[in-house]
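In mature numbering (1 follows the signal peptide of the UniProt record, and there is no 0), the protein residues as written are -22 to -1, 1 to 240.
Written below as structure tokens is the structure these notes are about.
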Amino acid sequence: MKIIQKFGALFFCLTMSIGLWAQETKNQAFWIHEDKVKPSMIAEYDKVSKDFVEICKKHDLKDVEWSVAQMDDGTFMSITPIEDLADIQNISFNPLREKMGDEEFSKIFEKFNKCYDKHGDYVAILNSELSYMPDGLTTETAGKNYRVWHRMEVTPANIQDLRGKMKELKTLFADKGSKMHYRIYHSGFGNMGNYYVAVISAKDAQDYDRMSDENNKLLGADGQKLFEEMFDYVEAYSVKRGGMRPDLAYKGAPSGTKITKN
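Here is the structure:
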């Protein structure tokens, strides 16, 4: 009982802190469910995901929404915007279970579970202060579903220094009039360690590569110097490519009532 009480208190504090912080900084939090799909099961996972979307549409599942990003390494991320951690607790598929019946509903997730050995949930925060999108900060980039993720791991001792260099980088991009816009996310609840991820949208791989080459020429020696200074504070760096999957996304209509997860 004491453990439950402590967890409840921790959950309440985290919920309040994320909610207050999002309000103060106007940053958007996202709940991300990540599936590491086995190479041999990507086609099956794709099919099951599409079938699940159609089932949700058929039964008019309300108060639930997600977008999906797929990385080239088989990682699928279901992404849902939230105001605080309580939103995660309130998201419920019980109305769908009631309409389908327990057996049919369970079969769907049994099919999903065969496609991966690892999956999990965490929160990521879209940082408006560090993002460079002069036309307006948005995750919806029409006609540009291709994505490149630049992930930078950072130790607690170097977070503030890295953050400072990222602010300088944003200023440099703005001063030079760079056409390479990016969104910065940082780790939230459920993550082990600290990181920043720069996400860049493009039409396709060729469009991204062209844009990257042009940006490097535009920033010149100033950009090279600043990137070198920034990476002095980065513990580990990785790049992944992929794209958004609108065909796997779902957005249910609001019911007008607050759902409590059972």
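C-beta: ideal position from N, C-alpha, C; glycine also.
Beta strand (DSSP E) containing residue 101: first to last residue?
94 to 110
Outcome for residue 101 when other beta-carbon atoms lying within 10 angstroms are tallied against a minimum of 16
buried
Span of the alpha helix (DSSP H), counted from its first residue to its last, around residue 243:
One cannot answer for residue 243 here, as it falls past the ends of the chain, which runs -22 to 240.
C-alpha distance - residue 197 paired with residue 41, whole-angstrom precision:
44 Å
Mapping DSSP to helix, strand and coil, what is residue 230?
coil
Quick one, which of 56, 22, 38, 43 has its alpha-carbon nearest residue 12's?
56
For residue 130 and chain B, any beta-carbon pair shorter than 8 Å?
In the structure shown, chain B cannot be found, because there is only a single protein chain.
Whether residue 140 touches residue 211 by CB criterion (8 Å):
yes
With H, G and I counted as helix, E and B as strand and the rest as coil, what does DSSP make of residue 187?
helix
I need the straight-line Cα distance from residue 60 to residue 29, nearest angstrom please.
25 Å
Contacts around residue 185, its chain only, beta-carbon distance under 6 Å, and the 5 residues preceding and following it disregarded
none
Is the beta carbon of residue 161 closer than 8 Å to that of residue 177?
yes
With a threshold of 6 Å on Cβ separation, who are the neighbours of residue 222 within its own chain once the five nearest residues in sequence on each side are excluded?
47, 123
Among 168, 66, 179, which one has its Cα closest to the Cα of residue 120?
179
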